[in-house]
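A short write-up of the structure that comes next.
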Amino acid sequence: MDELLGRAWWMLALRGAAGILFGLLALFWPGLTLLLLVAMFAAYALIGGVAAVSAAIGHRSIRTDWWIPLLLGLCAIASGLIAVAAPGVTALVLITVMGANAIVTGVLDLIAWVRLKRHGRTQWLLLCVGSLSVLFGIFVVAFPGAGAVALVWMIGTYAIVTGALLFVLGLGARNWRSAVLRDKQNTPQHS
């Protein structure tokens with residue numbers, strides 16, 4: 796997993812950048828309508844999903860656990876497509892899709908964190924992203940009746956925080972590949 800994320804560091808950084816942008820737009824765009832929120836969520840989910848699927852498929856020969864980012868990406872793409880296919884959905888359906896997406900992607904991020912062999916300075920960010928996503932998803936699904944303004948603020952804040960964590964994690968993951976290669980070179984070979 797270390798080498799896979801090290802090679803696909805850009806996927807984490809892109810997911811983070813999309814999250815930050817989505818969150819900022821949700822927070823600072825006065826008069827945000829539900830239809831615009833659906834479109835922004837769809838773009839956020841599709842960008843992150845395509846990046847994750849692309850990274851997983853492009854690096855599947857490295858490790859057998861490449862399926863984790865693949866599932867994460869497919870879940871995000873499915874959520875984005877649901878939002879695109881039914882843009883006039885009620886707020887309750889949108890909230891449920893966002894909550895389910897957060898729970899599933901959070902669990903997959905936590906699985907990736909557990910499977911990492913190297914626990915350096917930035918891996919804990921994946922633990923934070925996964926935990927925050929699961930907690931956010933549970934809260935959103937458990938309390939879907941929160942006011943629209945509170946929901947937009949909550950979604951925006953969640954997207955910015957997890958986006959920033961993923962972006963920093965992606966930048967840190969650039970060094971993982973070289974560290975894995977260095978470790979392989981320093982490990983004595985047994986005959």
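Residue numbers (the numbering used here): 796 to 986.
Each residue gets a CB set at the ideal place from its N, CA and C atoms; glycine is no exception.
Drop a sphere of 10 angstroms on the beta-carbon of residue i, count the other beta-carbons inside from all chains shown, and report buried for 16 or more, exposed for fewer.
i	result
Phe836	buried
Val909	exposed
Ile863	buried
Leu887	exposed
If we cut at 7 Å on Cβ distances, does residue i have a partner in chain C?
i	result
Asp860	Of the protein chains in this structure there is only one, and it is not chain C.
So residue i packs on residue j, CB below 8 Å; how close in whole Å?
i	j	result
Ala878	Val892	6 Å
Gly868	Val845	7 Å
Ala937	His854	That pair is no contact at about 36 Å.
For a test of the three-state rule: what should DSSP assign to residue i, helix, strand or coil?
i	result
Trp824	coil
Phe938	coil
Ala803	coil
Check whether the Cβ of residue i lies closer than 6 Å to any heavy atom of the ligand MN, and answer yes or no.
i	result
Ile863	The ligand MN is absent from the structure shown, which contains no ligands of any kind.
Under 7 Å between the Cβ atoms of residue i and residue j?
i	j	result
Gly811	Phe962	yes
Ala954	Gly814	yes
Leu960	Val924	yes
If you scan the region 853-935 from start to end, which runs of the alpha helix (DSSP H) of 4 or more residues do you find wholly inside it?
-> Listed in chain order, the alpha helix (DSSP H) elements of length 4 or more contained wholly in the region 853-935 are 862-880 and 886-910.
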